[in-house]
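Number of protein chains: 4
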Amino acid sequence: MTDDAGLREECGVFGCVATGNWPTDLDVAHTICMGLVGLQHRGQESAGIVTSAGTRESLFNIKKGMGLVSSIFQDEDLAKLRGNMGIGHTRYSTIGCSEMVNIQPFVVETLHGLIAVAHNGELVNAKQLKDKLLRHGVGLSTGTDSELITQLLTHMPDCGEPNGANWVGRIKKAMQETLLSYALLIMHGEKMYAVRDVFGNRPLCIGKIVKSSEDTSNDEEVLGWIYSSESCAFNGIGAKYYREVLPGEIVELSKDGIKSCCILPRPEAKLPAVCIFEYVYFSRPDTILEGQRVYQVRQRCGRQLAKEAPAAADLVSTVPESATPAALEYARELGLPYGEVLCKNRYVGRTFIQPSTRLRKLGVAKKFGTLNENFRDKRIVLIDDSIVRGNTMKPIIELLRKGGAKEVHIRIASPPIRYPCFMGINIPTKEELFANRFPLEELAAQLGADSLQYLSIEGLVKATQEGIENYVMEGKEKKKLQKNEIGHCVACLTGKYPVNLDW
Amino acid sequence: MTDDAGLREECGVFGCVATGNWPTDLDVAHTICMGLVGLQHRGQESAGIVTSAGTRESLFNIKKGMGLVSSIFQDEDLAKLRGNMGIGHTRYSTIGCSEMVNIQPFVVETLHGLIAVAHNGELVNAKQLKDKLLRHGVGLSTGTDSELITQLLTHMPDCGEPNGANWVGRIKKAMQETLLSYALLIMHGEKMYAVRDVFGNRPLCIGKIVKSSEDTSNDEEVLGWIYSSESCAFNGIGAKYYREVLPGEIVELSKDGIKSCCILPRPEAKLPAVCIFEYVYFSRPDTILEGQRVYQVRQRCGRQLAKEAPAAADLVSTVPESATPAALEYARELGLPYGEVLCKNRYVGRTFIQPSTRLRKLGVAKKFGTLNENFRDKRIVLIDDSIVRGNTMKPIIELLRKGGAKEVHIRIASPPIRYPCFMGINIPTKEELFANRFPLEELAAQLGADSLQYLSIEGLVKATQEGIENYVMEGKEKKKLQKNEIGHCVACLTGKYPVNLDW
Amino acid sequence: MTDDAGLREECGVFGCVATGNWPTDLDVAHTICMGLVGLQHRGQESAGIVTSAGTRESLFNIKKGMGLVSSIFQDEDLAKLRGNMGIGHTRYSTIGCSEMVNIQPFVVETLHGLIAVAHNGELVNAKQLKDKLLRHGVGLSTGTDSELITQLLTHMPDCGEPNGANWVGRIKKAMQETLLSYALLIMHGEKMYAVRDVFGNRPLCIGKIVKSSEDTSNDEEVLGWIYSSESCAFNGIGAKYYREVLPGEIVELSKDGIKSCCILPRPEAKLPAVCIFEYVYFSRPDTILEGQRVYQVRQRCGRQLAKEAPAAADLVSTVPESATPAALEYARELGLPYGEVLCKNRYVGRTFIQPSTRLRKLGVAKKFGTLNENFRDKRIVLIDDSIVRGNTMKPIIELLRKGGAKEVHIRIASPPIRYPCFMGINIPTKEELFANRFPLEELAAQLGADSLQYLSIEGLVKATQEGIENYVMEGKEKKKLQKNEIGHCVACLTGKYPVNLDW
Amino acid sequence: MTDDAGLREECGVFGCVATGNWPTDLDVAHTICMGLVGLQHRGQESAGIVTSAGTRESLFNIKKGMGLVSSIFQDEDLAKLRGNMGIGHTRYSTIGCSEMVNIQPFVVETLHGLIAVAHNGELVNAKQLKDKLLRHGVGLSTGTDSELITQLLTHMPDCGEPNGANWVGRIKKAMQETLLSYALLIMHGEKMYAVRDVFGNRPLCIGKIVKSSEDTSNDEEVLGWIYSSESCAFNGIGAKYYREVLPGEIVELSKDGIKSCCILPRPEAKLPAVCIFEYVYFSRPDTILEGQRVYQVRQRCGRQLAKEAPAAADLVSTVPESATPAALEYARELGLPYGEVLCKNRYVGRTFIQPSTRLRKLGVAKKFGTLNENFRDKRIVLIDDSIVRGNTMKPIIELLRKGGAKEVHIRIASPPIRYPCFMGINIPTKEELFANRFPLEELAAQLGADSLQYLSIEGLVKATQEGIENYVMEGKEKKKLQKNEIGHCVACLTGKYPVNLDW
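Residue numbers (my numbering), protein chains in the order written: chain A, 1 to 503; chain B, 504 to 1006; chain C, 1007 to 1509; chain D, 1510 to 2012.
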């Protein structure tokens, strides 16, 4: 699947808290900046960082901008982003148009001081929440779900505490008002909270930075703690994977370390609803989700696909780059040779120029070159991770046929996408989805393929769940997740959403 | 007085509503843009324009930026600012630091649709209002009084109307919550409201644009209506002066024309408190305030100063440019020759470079050249409109002495500034004010002047009030203001504020 | 005359050389930057600074940009512009379109090292020089006269010296190739040269910076030397006026001080041709040209105009701001009252937005407000410094009549402009010049004025020349200029150019 | 090999000429822009496009900027780049620092009109040429080889033709002055020339755009002709590969079509010297060079490497992305399983922030994630295309060992780089090259690898040359290249340069 074809992740969030008092040994702003570079694949439209000295009265240092992380933050910006804690955000704009005012993290002043909020997700009951806030007389200035959740936090009564600043209480109440989806970072005073909705729909994990391994003392010295949408950002900042924030959990970081505040329960009889497309497409392949490497899940999808939908062919290949692990395993499983047939120009995606009519007709050819000698007169099985609109796959098949392919069989390492997502993924309307536009038996012909087969929903779920090894700390011990603590959202495949959407 | 010496006006506001239905003949965005250029002297730090088609459901078009109006708005921006009504704002930052997020007009979504608000002034009870809003659970994101007033409007209960959108009612309630100071423009749905606090502290007037005079038909065709902080902006957009918004008045414009909604009364026994420094310094000399030209008031101040504080001298001169009318009349009154002695480099004020130590010592010399031949061996009376910190006047006198002046007598066409302003003017702290730093009899010596005299408070009030000819429409007739409807704020001179500041 | 009406100066040049060895006490980059701010009125489109440590092998530090000096140079730029000498330039674009590549100073590598060149003027034989260079095989990349003169310098043979780097020889040869007009600064190795064409058409003067006057030692310590297009830039940088670069002179600055290299003679029987419009319009009034203050010349023009063209009137006024000295003296000479009638919005000139049709018709009204009370029912004599196209004066007169003026008599403190300038001033084509478009007796009617009179050419020359007190150093003594060393270019008034233009 | 490790290509050049008269059906500016996007991998620092209507007097339209093609050219820029021919350039800065003034194409005015020049390569006798030009009196303003060659073209005598504009003659003479290396596009008047040095060191090929294939008429209608550094840019603009510009050839395009002007001979007994690293690293794998696909050469290198340097291992893998074809073939040849072990963050390369000390130590980890499950407890053969400094490979091996690899064997699909390149490739100094820093037998230990083997020079040349199928048009017939017309530059491997570098 290529970028212009359809699905878009909303955001990446990243937080860092140094241990000990200011000034600490940890380069907080640099760490957040490199962390956001590691999450750049989750949103390339804008980014922001907010830091704080981490005292109750600390003012916040803020820098936001449009574009890639690397173009927004210069050395002088990082120098100004002083502090020993901070949160960052990188985003596409699914909700709220592309303007400076919408760039996260949001900072607002509340009765109990400044808070900064970074949010990944989409609130399924946004309309109701907005209505409630508007009725309460709050004027909203950005049109984003993230402003809603920030005002919701501000707005909550003080939960019976005399000093009024019981933020865990506030967060709990806010979580009860909106069940999904969100992975949230909240910075306030001396604390930074991480929150994941009770379904765990959006990913969020924890890492720690220890003093460099050259020091061979027995007790490792912790320099700081990290929150990140994905663990793939840890390598680039020298952090170790610690564990996930669990569905419904509120975790607190401070200079004194980490503390799990509570785990809110799911509505009765409900399983988690971790977004399965994090495995299929969004997450970087080296990320660890629920204790397993995303790459491995994609490999298992390829093997499963080989079992469900083998093809008689001379060559197995991939639509670069996300389908490669599935393609390699599909080939291995069937004992077919694997080879490359497409060469991707990674600079095309960034061109915002209106093409001339002549160039528009060229479509996907602008993005791919073909390696004709590799497939001339051969029967190709081309593996892709998913089909959204189908407008990428069709011209690819044309290119391959023009380049001399004898047959082109398409195998998709995930099931047909048929329903919209209301939980943070930008999916075209139902009518635009390829799998809805034609009867199943016509789809191959519509693409110009000799055959087309998808992975089954059961196959995808099996490939996803069989490697899960997720743990949570209980006291000093790790406890493995139980069966009933595992579950994935496949609503875009089945139309069955984790909650009633009229909620 | 030169720009870096002290007083700073907060803002200018400008609104335009075309008559008739969209699309109208009136170039609304261009008109607002040129209107803001006409108010540029009231704020050069940032500006914004918001336009609307003027229906209940209209989305708003927004463009804001840092810098001068001319650098923010390009042709393509104006093309996008479609609509048949709109408001604009240009500002310095007295409250709320210099960031994009603080640029007005503010746009927020409310229960009853979008509103846009442009505000000139400063709320004397900002702290209490903020506390009230925060206690209500509203998170504030900009730190400006203008956000406070916008949230206050949003926050007001709906005043008993079933449809909940009685905006005049809301505005009235908000006005009761904060007595001064503000000149406000509020755009919502099909209406645009102008509001002036009951003391009339900040100026706001109304103009109209008629079809060009070449059409000699008897009944002039009104193309649109204008709100503006000052009437000096009318010439540049082809508008005619209509009248002022009165203290406490809410005026409504729509495509159907103008309507005075109500005039809220002042607290018992209180006179208006129009800022007298609009006459002394802030307003452009060709502006009409309270029915009289600002330039004329400055002339009268000069004449009065000549009566109160004549000087034996060979030459009367001015610190360009705002003191010139007073200086010319001072000279005429005393029969002394008038001439120029200083030449101002108008580009210096815009330089934000940290000067080197050597250059810093040069101080005001960077800003002024002297015309030595004009004053060599002469006794100069130098007229200025005001002295704030005194750090401009002192080096000017040095320059004149170095250039050969025999004597330098300073005459100030306003009284000593001794108290801070809490109503929208940025005045240094009491300790920094020149008139507070030394006994009166030492001030001349501190400046290095041969003598120093100020206009009396009574003299200033007399010079200001004797030409007032303000009118308000009553039905089809203009009614002249009564004596008890005239009053000016001289709190920075006397320390007596229009309201109890502990309010 | 207002900016959009016609004449445009090409540029300002500024150079600074610190005495003693690097690093010196003098803040060279800051000094040049503030010097350019002092010359900003001579060109507001772009600016550049080049600095050097001032050794033979020094690399150059360069910063250029579009816009005002204050927006181009930030603190970090000045920090990078290290060195103990440097030249700067600010410009409009008469020749060579508005692109980065055309911004001066030009830096080129030559056989003998880098040179940097800043140029004010226009080469009357540019076409021939260009042809010569092109025939020699030099490809030209900017289309500016300044590139021509730079290549010409580079191109010159080495004048018989073995080391080939006789730059004074090169400069002399280049001066013989192009007689006017230019004021040039050339930085190379340890030296900085200032050059003025033999006619002295463009201004160039020398200043020096001494240790602050607090040190009362007898021998002043010179910190550095300055070249500047105008002396008005000296005040802002703490420099003292030293003298002018004379027509045809090459002056050399280095860390060792100042040296006059030579004075090239004019073609036989030719007088200097100092641009008389420097006095009429271009120079800042506090600048000293040829030993006299520009302001004084403008005063004398006003007095002379009063003698040549008195008017029966109730009020003398000015088109702000350059005509004010003439207007004040005109009034004094005739014993008429002086007063202000127009108020200028200094922000209008910077607006680059295409006006809508309606706004375009408003014309000059956008730029001026009127002070009606000052002139209602009066006969006005309005003084301006010049009329170029006439399209500013006509709507001003309309504004005044609309404001209640009984009569409007125009008096111009310079003669009719009838011919183009080929020496650095951007004048409209002959057909566009107001004085050429109608017979003399119709001009007043065309403007809508009750009468119109100009200063005579003889009157202007007399007013200009009677105060000249120019001196040159001969050894240790100053020598006053002789009569035959004084002369001014009035070609735009007479059509008689200093040299044969077919040259 | 990763970007920060060493080699850097200088540039990509692209030209387009529409057939027929202006305005043509071809979207010239859009075509060049998308063509440059297709060459973006050859230079990401800056880009420029120059277009012309293609008549003798046509002015040129120019747009240049810093950054990626997609960020430089907006719709409005392309709209202004009118014309029916144009050239574009994208570059890194090997020679000439990173400033606007150095961005190509260069445009200069010559005696015979404007020329625009785009250059890929580096002149081995740049110093001599520069000296010659400086001695001739040409001042050089950019410090680039491309300015040298442009001035050289301008400078050439007119080759005996009366009208002086024999550009083919000029080009020939210039080619005799500098033998390599260059691929040049020259636009002048109605013609566009492509030139390749006699050794063919830098690539340059020709494409054509025909009316879309839907028109089934027999004679295809040619809309325009294309020059491009690589054929990979053709797919994205709908062009067909036509042929290469041959070593020493001058090709002329005009609205009338294509014409081979001449082929200059190589110095006696010399073979061509096509840069072999275009195959190893620089060119995009789908590009066709000398009639063969670059990808195929890389595959053959992998097979040859398997024969020369087999390894006993459990897994063959690649350093993504350029080594993948070699790795896949290496695995296939030895019958070993292929799998991915590294995951690249493609956003890291663009970060220009100074890392903090802690982050700097992390080095390459910022760029790669590891897929530990794929290689835990396995013996890996890791294939890379080349080693330059070795500072990337060392930390990669560390990452792999930390991830659980049992053994790591390095196999490089090209020979050791030991010598600098003076022909357009930015190679570190001899001392910095990994292969020069230690004895061969120590290299593996230095990297921390279990073994290290390179492809032999003979193996690389064989793999490169065995598929060459290059043709040239002779009249209407294609003629295949002879054996003695084939040759490659391996100077960076052997130190034997195509020409004497003291030349």
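For glycine and all other residues, C-beta sits at the position ideal for the given N, C-alpha and C. Please read all numbers here as calculations on a predicted model, not as lab measurements.
Next item on the list: Please determine, among D:S1769, D:T1833, D:R1600, the residue with the shortest C-alpha to C-alpha distance to D:T1653.
Entry: D:R1600
Margin query: Closest to D:A1972 by C-alpha separation, out of D:V1647, D:G1733, D:E1817, D:T1540, would be which residue?
Written below: D:E1817
Next item on the list: Grab the span of the alpha helix (DSSP H) containing D:F1615 for me, first residue to last.
Entry: D:F1615 -> not in any alpha helix (DSSP H); beta strand (DSSP E) instead, spanning 1615 to 1619.
Checklist line | Coarse secondary structure for B:E680, derived from DSSP in three states | finding: helix
Notebook entry, point to check: Is D:Q1660 close to chain C, meaning its C-beta is less than 8 angstroms from at least one C-beta of that chain?
Noted result: Output row for D:Q1660: interface = yes.
Next item on the list: Specify the secondary structure class of B:C536 as computed by DSSP and reduced to three states.
Entry: In this structure, DSSP gives B:C536 a helical state, which the three-state scheme calls helix.
Next item on the list: At 9 angstroms on the CB atoms, spell out the chain C contacts of B:H533, in chain order.
Entry: I1359, Q1360, P1361, S1362, R1364, L1365
Note to self: When you compare the CB positions of C:P1111 and C:V1204, do they come within less than 8 angstroms of one another, or not?
What the structure shows: no
Check: Which partner residues of B:A550 appear in the DSSP bridge assignment?
Finding: B:G568, B:T593
Next item on the list: Have a look at the DSSP bridge pairing and note the partners of A:H188.
Entry: A:I115, A:K191
Next item on the list: Could you please give me the residues that DSSP links to A:L315 through a beta bridge?
Entry: A:I380
Next item on the list: Going by DSSP, name the residue or residues bridged to D:W1734.
Entry: D:V1526, D:K1717
Next item on the list: Would you kindly check if the distance between the Cβ of C:A1450 and the Cβ of C:R1424 is under 8 angstroms?
Entry: no
Notebook entry, point to check: Taking the runs of the beta strand (DSSP E) that are 3 residues or longer, which of them lie wholly in the segment 1398 to 1448 of chain C?
Noted result: 1413 to 1418
Item checked: N-terminal and C-terminal residue of the beta strand (DSSP E) that D:Q1962 is part of -> Taken as a continuous stretch (DSSP letters only), the beta strand (DSSP E) holding D:Q1962 covers 1960 to 1963.
Item checked: Distance between C:I1055 and C:L1045 (C-alpha atoms, nearest Å) -> 13 angstroms
Margin query: Along the segment 236 to 248 of chain A, where does the CB come closer than 9 angstroms to a CB of chain D? Name the residues.
Written below: G236, I237, G238
Next item on the list: Please report the residue range of the alpha helix (DSSP H) in which A:R135 lies.
Entry: 126 to 136
Margin query: At the 8 angstroms Cβ level, is B:M926 part of the contact set with chain C, yes or no?
Written below: no
Next item on the list: Compare the C-beta of B:R638 with all C-beta atoms of chain A and state if any pair is closer than 8 angstroms.
Entry: yes
Checklist line | Which of helix, strand or coil DSSP assigns to C:N1126 | finding: strand
Check: Could you check where the alpha helix (DSSP H) with C:V1300 kicks off and where it finishes?
Finding: Looking at the DSSP string, the run of the alpha helix (DSSP H) that includes C:V1300 is 1300 to 1314.
Checklist line | Any chain B beta carbon closer than 8 angstroms to C:T1096 | finding: no
Next item on the list: With DSSP as the reference, label B:A686 as helix, strand or coil.
Entry: strand
Margin query: Under 8 angstroms, with one C-beta from each stretch per pair, do the segment 105 to 118 of chain A and the segment 178 to 193 of chain A reach the 3-pair mark?
Written below: yes
Checklist line | Neighbouring residues, chain B, relative to C:M1040 (Cβ below 7 angstroms) | finding: L862, K869
Next item on the list: For chain D, find out if any of its Cβ atoms is closer than 8 angstroms to the Cβ of A:T19; answer yes or no.
Entry: no
Margin query: Give me, in chain order, the residues of the same chain whose beta-carbon lies closer than 7 angstroms to that of A:V499; leave out the 5 immediate sequence neighbours on both sides.
Written below: Excluding sequence neighbours, A:V499 sits near V124, L179, L180.
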